[in-house]
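Chemist:
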Amino acid sequence: MTLDPQSKVCEVGAFQFYAHNGSIVIMGKDGDIEISPSESTTLCTSLNTVGSIAHFKSIPPFIKDRPFEINFNESGSCILTRNNEDNGLNFMMTEVDDLIKGIKMALDKIKDTNMITGGPSPGTPGYNLPDPILEGR
Numbered sequence: 003m004t005l006d007p008q009s010k011v012c013e014v015g016a017f018q019f020y021a022h023n024g025s026i027v028i029m030g031k032d033g034d035i036e037i038s039p040s041e042s043t044t045l046c047t048s049l050n051t052v053g054s055i056a057h058f059k060s061i062p063p064f065i066k067d068r069p070f071e072i073n074f075n076e077s078g079s080c081i082l083t084r085n086n087e088d089n090g091l092n093f094m095m096t097e098v099d100d101l102i103k104g105i106k107m108a109l110d111k112i113k114d115t116n117m118i119t120g121g122p123s124p125g126t127p128g129y130n131l132p133d134p135i136l137e138g139r
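Here it is as structure tokens:
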């Protein structure tokens, strides 16, 4: 995925976070994933679960919280995928805090941009929705 360097929000640990067309793009060394702002809470909850079980002796093979799935490897690495796609974002269980921090920073950037510009930009969900106040509904 090719992204505009100006859309980069931050770099936390081994990950780069972008605010791209109203969505959050997370890029790592071995993959990337794009999430919508509305999915960020679901993903952060799943990542918190990963962080809480990181020190258990026995962990499940995966955690599924639609639309995301996190698969665990014996080496302590994980792969985050969306809707059972083949590619996704690889990360270590110890990097969960970096992911959550970066997602929150990217989400704040999107919220700030929407407040300054007055709403979503073209190409994002909700851009062409009718305004009930202007249409007299």
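Quick note, the sequence shown lines up with residues 3 to 139 if you use the numbering used here. Each residue gets a CB set at the ideal place from its N, CA and C atoms; glycine is no exception.
Hey, Ile26 and Leu82: beta-carbon distance below 8 Å or not?
Modeler: Counted from its first residue, the sequence shown places residue 26 at position 24. Counted from its first residue, the sequence shown places residue 82 at position 80. Their beta carbons are not under 8 Å apart, which means Ile26 does not touch Leu82 by this criterion.
Chemist: For the beta strand (DSSP E) containing Gly24, name the first residue and the last one.
Modeler: For the purposes of this step, residue 24 is taken as residue 22 along the sequence shown, with counting starting at 1. Here Gly24 belongs to no beta strand (DSSP E), and DSSP marks it neither H nor E.
Chemist: Using DSSP bridges, identify the partner residues of Gly33.
Modeler: If you number the sequence shown from 1, residue 33 lands on position 31. Residue pairing by DSSP places Gly33 opposite Gly30 in a beta bridge.
Chemist: At which residues does the beta strand (DSSP E) containing Ser79 begin and terminate?
Modeler: Reading the sequence shown from its first residue, position 77 is the one you call residue 79. Ser79 to Arg84 is the span of the beta strand (DSSP E), which, as asked, contains Ser79.
Chemist: Only counting the same chain, and skipping five residues up and downstream in sequence, which positions put a Cβ closer than 7 Å to that of Gly30?
Modeler: For the purposes of this step, residue 30 is identified with residue 28 of the sequence shown, where counting begins at 1. Cβ within range, chain order: Ala16, Phe17, Leu91, Asn92 and Phe93.
Chemist: Would you report the Cα separation of Arg139 and Thr115, rounded to the nearest angstrom?
Modeler: As a position in the sequence shown, residue 139 is number 137, starting the count at 1. As a position in the sequence shown, residue 115 is number 113, starting the count at 1. Note that Arg139 has pLDDT 45, beneath the 50 cutoff, so the model's placement of it is unreliable and the number below is only indicative. The straight-line gap separating the alpha-carbon atoms of Arg139 and Thr115 is approximately 28 Å.
Chemist: Based on the DSSP secondary-structure assignment, which residues constitute the bridge partners of Met107?
Modeler: In the sequence shown, residue 107 corresponds to position 105, counting from 1. None; Met107 has no bridge partner.
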